[in-house]
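Visitor: Starting off with a structure, shown below.
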Amino acid sequence: MASFKDILDKVKQGPADVVGIDVRRTVVLAVRMRRVGATTSLSAAAALPRANEDSEEARKPMELPAKLRAPHAAIAIEGSEATVKLLMLPGLHDGGLESRLVTGLGIRDTSGRRIGYKVITEGHGRQESLVLAAAVAEDEISGALSFFPSGRPAPHSVEIAGLAAMTAFTNGPGMSFKAKAVASLNIGERCSYFAVFSKGIPVLCQRLELGTHSILERVQESLGVDAQTAMGVLTDGAFDVSDIAGDVAGQMLNRIAVSRDYVERREACRIRSLFISGSVEAGRDLITPMQTAFDVERWNPFEHASVPEGVLGEDIGDPARFAAAIGACQATLEAK
848 MASFKDILDK
858 VKQGPADVVG
868 IDVRRTVVLA
878 VRMRRVGATT
888 SLSAAAALPR
898 ANEDSEEARK
908 PMELPAKLRA
918 PHAAIAIEGS
928 EATVKLLMLP
938 GLHDGGLESR
948 LVTGLGIRDT
958 SGRRIGYKVI
968 TEGHGRQESL
978 VLAAAVAEDE
988 ISGALSFFPS
998 GRPAPHSVEI
1008 AGLAAMTAFT
1018 NGPGMSFKAK
1028 AVASLNIGER
1038 CSYFAVFSKG
1048 IPVLCQRLEL
1058 GTHSILERVQ
1068 ESLGVDAQTA
1078 MGVLTDGAFD
1088 VSDIAGDVAG
1098 QMLNRIAVSR
1108 DYVERREACR
1118 IRSLFISGSV
1128 EAGRDLITPM
1138 QTAFDVERWN
1148 PFEHASVPEG
1158 VLGEDIGDPA
1168 RFAAAIGACQ
1178 ATLEAK
């Protein structure tokens, strides 16, 4: 006979059928995942074209195909003005947590911002707790919620895409590095996220104000082409634009290398493996320099999920870009 605790745990469980939505400038990446008991599996995935983000069409409610219309939606946003930090905080339950989060994030004005946090490791007594905290513009969250004003799916959560990709990583390749140090990089359009894990615990999470859009602008200026043509140049590899992208790539590598060296000294570890997800095809010229400092691996988030035969079609494109959508689903399905 089930105990009262077992029954209570079942009642407290979150959604069991979720669609993860990663909203990009020109595409919406969506995956639907279901949880049955302790098993989670992918039931649908698609890359849906999106009108230019500055157009009126792009701001209309989102119509998903029937196969992706789950009861709940976990939405991943880029967080173009987000602040993200790992904080060591005392007394989580002593009151005044919000003010300590604001201070730790270095925010002077909280108006127009929404603050969230996740406890990574909870300290006891006088021990401090490790907390991942983020502040996101309220306007960006409201914009994401407006995509689904009524009906299915109903918005359940909104999180930063780079952090959602970290969730997918820890449930994927990160599982093999529980006793070692490893790094992950999720390449975004306007910003990217670099994280380091030591013995399975995040010890660094860094937002980089660099992404594929930085290179896209350089290619447009240098070749005198529009944004669509420049994106084609980046993704098809027909032209060598490594010289054009070199400055952006160098900036990213320098920042990552400084962070890596700092963590290696502080944690007395050595970080060789770097797993990359996100806009991998468009960010090819950001990745190449990384190979001088790391053993780089582009990883496929679908390979670390239960995917029934026939779910993934040829229109999926580069699977690495689905890490945030999958991570957003996983975080929601795992929540209690």
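Under the working numbering, the letters of the sequence shown match residues 848 to 1183, in that order.
Don't be surprised by glycine CBs; every beta carbon is placed ideally from N, CA and C.
Alpha carbon to alpha carbon, how far is glutamate 925 from leucine 1180? Give it in angstroms, no decimals.
Guide: On the sequence shown, position 333 is the one that residue 1180 refers to. On the sequence shown, position 78 is the one that residue 925 refers to. Distance between the alpha carbons of leucine 1180 and glutamate 925: 21 Å.
Visitor: Thinking just about the alpha-carbon of each residue, which of Asp986, Gly1157, Asp1142 is nearest to the one in leucine 1121?
Guide: Position 274 of the sequence shown holds residue 1121. Here the closest residue by C-alpha is Asp1142.
Visitor: Around the C-beta of asparagine 1033, are 16 or more other C-beta atoms found within 10 angstroms, so that it is buried, or is it exposed?
Guide: Translated into the one-based positions of the sequence shown, residue 1033 becomes position 186. Its Cβ being crowded by 16 or more others within 10 Å, asparagine 1033 is buried.
Visitor: Let me know the beta strand (DSSP E) ranges lying completely inside the segment 1013 to 1060, each 3 residues or longer, listed in chain order.
Guide: 1028 to 1034, 1039 to 1045, 1048 to 1055, all fully within the segment 1013 to 1060.
Visitor: Using a 10 Å radius around the Cβ and a threshold of 16 neighbouring Cβ atoms, would you call alanine 892 buried or exposed?
Guide: The residue you call residue 892 lines up with position 45 of the sequence shown. Label assigned to alanine 892: buried.
Visitor: Does the Cβ of methionine 1022 have 16 or more other Cβ atoms within 10 Å, making it buried, or fewer, making it exposed?
Guide: The residue you call residue 1022 lines up with position 175 of the sequence shown. Exposed: under 16 other Cβ atoms inside 10 Å.
Visitor: Can you tell me whether phenylalanine 1086 is buried or exposed, with buried defined as 16 or more other CB within 10 angstroms of its CB?
Guide: Within the sequence shown, residue 1086 is the residue found at index 239, counting from 1. Exposed: under 16 other Cβ atoms inside 10 Å.
Visitor: Can you give the Cα-Cα distance for tyrosine 1109 and glycine 1125, rounded to whole angstroms?
Guide: Working through the sequence shown from its first residue, we reach residue 1109 at position 262. Working through the sequence shown from its first residue, we reach residue 1125 at position 278. Near 25 Å, if we compare the C-alpha coordinates of glycine 1125 and tyrosine 1109.
Visitor: Work out the CA separation of proline 1002 and threonine 957 for me, nearest whole Å.
Guide: For the purposes of this step, residue 957 is taken as residue 110 along the sequence shown, with counting starting at 1. For the purposes of this step, residue 1002 is taken as residue 155 along the sequence shown, with counting starting at 1. Each residue's Cα considered, the two are about 24 Å apart.
Visitor: Over the uninterrupted beta strand (DSSP E) stretch that includes leucine 936, give me the two end residues.
Guide: The count along the sequence shown starts at 1 and reaches residue 936 at position 89. First-last of the beta strand (DSSP E) with leucine 936: 930 to 936.
Visitor: Using only the alpha-carbon positions, how far apart do threonine 950 and asparagine 1101 sit?
Guide: Position 103 of the sequence shown, counted from the start, is the residue given in the question as residue 950. Position 254 of the sequence shown, counted from the start, is the residue given in the question as residue 1101. Each residue's alpha carbon lies about 28 Å from the other.
Visitor: Inspect the CB distances between the segment 1035 to 1053 and the segment 927 to 939 and report whether three or more fall short of 8 Å.
Guide: Result yes; three or more Cβ-Cβ pairs closer than 8 Å.
Visitor: Check valine 858 in the structure and name its three-state DSSP category.
Guide: As a position in the sequence shown, residue 858 is number 11, starting the count at 1. Residue placement at valine 858 cannot be trusted, given a pLDDT of 46 that sits under 50; the coordinates are not used to answer.
Visitor: Does glycine 913 pass the burial test, meaning 16 or more other C-beta atoms within 10 Å, or should it be called exposed?
Guide: Position 66 of the sequence shown, counted from the start, is the residue given in the question as residue 913. As written in the sequence, residue 913 is alanine, which differs from the glycine given in the question. Exposed, by the Cβ-count rule.
Visitor: I'd like to confirm the pairing. Which residues does DSSP put opposite arginine 879 in its beta bridges?
Guide: Sequence index remark: in the sequence shown, residue 879 carries index 32 (1-based). Beta-bridge pairing links arginine 879 to Val866, Ala891.
Visitor: Rounded to whole angstroms, what's the CA-CA distance from lysine 1046 to glycine 1174? Just pull it up for me.
Guide: As a working mapping, residue 1046 is identified with position 199 in the sequence shown. As a working mapping, residue 1174 is identified with position 327 in the sequence shown. Their backbone Cα atoms lie some 20 Å apart in a straight line.
Visitor: Going by C-alpha distance, which of Leu911, Val1029, Val878, Val874 is nearest serine 1153?
Guide: Position 306 of the sequence shown holds residue 1153. Per the Cα distances, Val878.
Visitor: For the alpha helix (DSSP H) containing isoleucine 1103, name the first residue and the last one.
Guide: Translated into positions along the sequence shown, residue 1103 becomes position 256. Counting along the chain, the alpha helix (DSSP H) containing isoleucine 1103 begins and ends at 1089 to 1114.
Visitor: Considering only the alpha carbon of each residue, which of Arg999, Glu1006, Glu987 lies closest to leucine 979?
Guide: As a position in the sequence shown, residue 979 is number 132, starting the count at 1. Leucine 979 has its Cα closest to that of Glu1006, out of Arg999, Glu1006, Glu987.
Visitor: Between which two residues does the beta strand (DSSP E) carrying valine 1005 extend?
Guide: Mapped onto the sequence shown, residue 1005 falls at position 158. It spans 1001 to 1007 - the beta strand (DSSP E) in which valine 1005 sits, taken as one unbroken run.
Visitor: Among Glu975, Glu1150, Ser1031, which residue has its Cα nearest to the Cα of isoleucine 967?
Guide: By one-based count along the sequence shown, residue 967 stands at place 120. Nearest option by C-alpha distance: Glu975.
Visitor: Going by the CB atoms, is the gap between aspartate 1073 and valine 1127 shorter than 7 Å?
Guide: For the purposes of this step, residue 1127 is identified with residue 280 of the sequence shown, where counting begins at 1. For the purposes of this step, residue 1073 is identified with residue 226 of the sequence shown, where counting begins at 1. Their beta carbons are not under 7 Å apart, which means valine 1127 does not touch aspartate 1073 by this criterion.
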